[in-house]
Amino acid sequence: MTLGLLAAIAATFSWSLLFIFPQLVGDYSVFDLAVVSYAFAGVGSAIVLFVYRREVRQLRLNDWAWAALLGFLGYIGFFFLITTAVLAAGPVIPPVMMGSVPIVLAITANLRSSSIPWRAIAGPLVMAALGIGVVNYSAFNASGAMVDRPTGSILFGLLASLVAIAFWTGFGLFNESALAQRPKMSPMLWSAMLIFSCAVEMLVFIPVGLYLELSNFAIQPGEVAGTQALIISGMVQGLGATLAAAWAWSVATRRLPLALSGQLIASETLYATALGLLITQRWPSTAEAVGTGMLFIGVVWAIQAFYSRQSRIKSMAD
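As structure tokens, this is what we get:
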């Protein structure tokens, strides 16, 4: 279980970098960053597949179909939905709603598997939910996200955000099932399959992004500042926050109940908040400090609840 916890922490820390890199790429857009990062991730995953070429030859079409589905749910489709939501509803409402993903995933996972009694998980869930709510309300209240947005556009953005939540919840549940059905498959190979499928799907998504004018480079070729930062950020994001994080999450998924790993996703908010404050060179507001503190308590509480249950089960077995 300890290795699973360390893997989940590594994955969520890597994912938190995704909130930081868009601020470092100059005039390039999030879409430009995604294209570059998936190019690096595709190359990296192809190298891993070559290393595992003997196992790759034994893969069935069903294995690749699941990898493609999960890549679409957890990465490409999720990215498209969040991008659509931000364009429609503004830059604050969708992230506020996405803060509910750890709670939804933890509740859904425990409904399915009953890995821990509800009385043991209720406290950590409520504490983490309140912490996320306080942080997100603070961000929402400070930015005036509703200004100059038609009601229809906001409602469409809310709908896209809800579908994105469903996508990531489905990814967590299906990924756990897929790994359970392939107990002998290396998590590194599975992650490489998933990310390689993402890279291929990104090629299909590029024309959609260009049609929606999401690329600043395509709109203003030769006039966009920050190319070096884009390449470096894309490389770190593609190889670290995408490929390596997918591998770490596969390890965590195989070793932890999803009801726990789902709550651990909430720690991503802690890392992202800390890194954001570091980049902006400011101290947290009172609401940010209180909210992140409550979130931290909820995550630690959840880990303690699962460890206690595991110890009791072990004692009964002995």
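The sequence shown begins at 1 in full-length UniProt numbering and counts up by one. For every residue, glycine included, the Cβ atom is placed at its ideal position computed from N, Cα and C. As the structure is a computational prediction, the values presented were derived from the model and not from experiment.
Asked, Found
"Does DSSP put Gly44 in a helix, in a strand, or in coil?", "helix"
"Of the choices Leu270, Glu288, Met127, Gln237, whose alpha-carbon is the least far from that of Pro22?", "Gln237"
"Closest by CA to Val104, which one among Thr84, Leu203, Val126, Ala120?", "Val126"
"State the start and end residues of the unbroken alpha helix (DSSP H) segment that holds Val25.", "Unbroken run through Val25: none, as it is neither H nor E."
"What residues in its chain sit with their C-beta under 6 Å from that of Ala10, if we drop five residues either side in the sequence?", "Ala248"
"For the alpha helix (DSSP H) holding Phe217, just list the boundary residues, first then last.", "216 to 219"
"Tell me whether Tyr137 sits in a helix, a strand or coil according to DSSP, three-state version.", "helix"
"What is the DSSP secondary structure of Gly234, counted as helix, strand or coil?", "helix"
"So Ala106 is in the alpha helix (DSSP H); what residue range does that whole segment cover?", "101 to 113"
"Report back the beta-carbon spacing between Tyr38 and Met202 to the nearest angstrom; my notes put them in contact at under 8 Å.", "4 Å"
"Put Ser261 into one of helix, strand or coil per three-state DSSP.", "helix"
"In terms of residue numbering, what span does the alpha helix (DSSP H) encompassing Glu223 cover?", "No alpha helix (DSSP H) contains Glu223, which DSSP labels as neither H nor E."
"So the candidates are Ser215, Trp66, Ala160; which of them puts its Cα closest to the Cα of Arg182?", "Trp66"
"Using the beta-carbon count (16 or more within 10 Å), is Ser308 buried or exposed?", "exposed"
"Does the region 166 to 180 touch the region 35 to 52, meaning 3 or more C-beta pairs lie closer than 8 Å?", "no"
"If you draw a straight line from the C-alpha of Leu59 to the C-alpha of Leu17, how long is it?", "32 Å"
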